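One structure is given below, encoded as structure tokens.
In mature numbering (1 follows the signal peptide of the UniProt record, and there is no 0), the protein residues as written are -17 to -1, 1 to 239.
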């Protein structure tokens, strides 16, 4: 997030015997942060009277990455989300005294990625976790070559399955290099759900690309007439998802 006016602070705290230096960027007055997932709110406190006190509370909490501070009610909200995992809004006139503070993510935080570690009281990191003797990204994050990034969602670019949100049953398509449902599921708008390919389509298209319907179990799809002409169906037609199956060739009366 690039603000017209910002200032950067470097705060230090001691976490389990280790000095943790945390670079924070702080917005001008008049901005609010909205997390993409409400579960990312760690806590809300009402005893902070400055943005710096709010940021200091975040630095003390190893799970915190972003804060909202509202001076009008001395409210400090801590979030696990990185700043780029939510949305910045200009505050309403009633909340014009609000500010956002967030940790500036840097590749230097992840220099220990895949390095050996020993799980102990002193091996706790703000940015990585020690699992089976190796530093890896936290749960629901993947390493993009520079930093740990939150899982990607449907139709977003990916390189491996680890980049995609497995909680939504997404995997990385080797054809499109985007996060997609597998061939037995389809996207509902929020996650992959069980589905199937239409099994009673009668087509008479020879050596021509066509679009093939996948639909949720129990729903009615489109039935084609046995007309020997190319059929091109717009994506989203009938409220369904259509997929280009260029490699397919079906003869008259052959069932899909």
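All C-beta atoms in this analysis are idealised placements derived from N, C-alpha and C, irrespective of residue type, glycine included. Here the structure is a predicted model, which is why all the values come from computation and not from measurement.
When the Cα of residue i is compared with those of the options, which residue comes out closest?
| i | options | result |
| --- | --- | --- |
| residue 103 | 5, 115 and 42 | 115 |
| residue 49 | 10, 32, 122 and 173 | 10 |
| residue 37 | 54, 22, 46 and 166 | 54 |
| residue 89 | 109, 73 and 100 | 109 |
| residue 159 | 171, 172, 167 and 143 | 143 |
| residue 70 | 156, 129, 23 and 167 | 23 |
| residue 15 | 81, 47 and 65 | 81 |
| residue 45 | 150, 34, 32 and 61 | 61 |
| residue 35 | 25, 18 and 6 | 6 |
| residue 122 | 145, 101, 173 and 129 | 145 |
| residue 67 | 117, 101 and 8 | 8 |
| residue 25 | 32, 33, 42 and 12 | 42 |
| residue 139 | 129, 156 and 150 | 156 |
| residue 96 | 112, 17, 30 and 86 | 112 |
| residue 150 | 137, 167 and 141 | 137 |
| residue 29 | 59, 12 and 47 | 59 |
In three-state DSSP terms, what is residue i?
| i | result |
| --- | --- |
| residue 121 | coil |
| residue 184 | Note on residue 184: pLDDT 40, under 50, position unreliable in the model; the coordinate value appears next. Three-state DSSP puts residue 184 in coil, outside helix and strand. |
| residue 90 | helix |
| residue 140 | strand |
| residue 150 | helix |
| residue 21 | helix |
| residue 199 | Note that residue 199 scores 44 on pLDDT, short of 50, meaning its location in the model is unreliable; the coordinates nonetheless yield the value given after this. It is a strand residue. |
Here's the rule I'm using: 16 or more other beta-carbon atoms within 10 Å means buried, otherwise exposed. How should residue i be labelled?
| i | result |
| --- | --- |
| residue 236 | Unreliable positioning characterises residue 236 in this predicted model, as indicated by a pLDDT of 37, which lies under 50. The coordinate reading is nonetheless provided below. Exposed, by the Cβ-count rule. |
| residue 125 | buried |
| residue 39 | buried |
| residue 91 | exposed |
| residue 98 | exposed |
| residue 148 | buried |
| residue 154 | buried |
| residue 20 | exposed |
| residue 84 | buried |
| residue 51 | buried |
| residue 64 | buried |
| residue 56 | exposed |
| residue 86 | buried |
| residue 178 | buried |
The beta strand (DSSP E) that contains residue i, what's its start and end?
| i | result |
| --- | --- |
| residue 132 | 131 to 133 |
| residue 169 | 168 to 170 |
| residue 112 | 112 to 114 |
Hey, does residue i have any beta-carbon neighbour from chain B nearer than 9 angstroms?
| i | result |
| --- | --- |
| residue 121 | The structure shown contains no chain B, having only a single protein chain. |
Discussion item. Give the list of continuous beta strand (DSSP E) stretches no shorter than 3 residues that lie fully inside the stretch 33 to 70.
Written reply: 49 to 53 and 58 to 62
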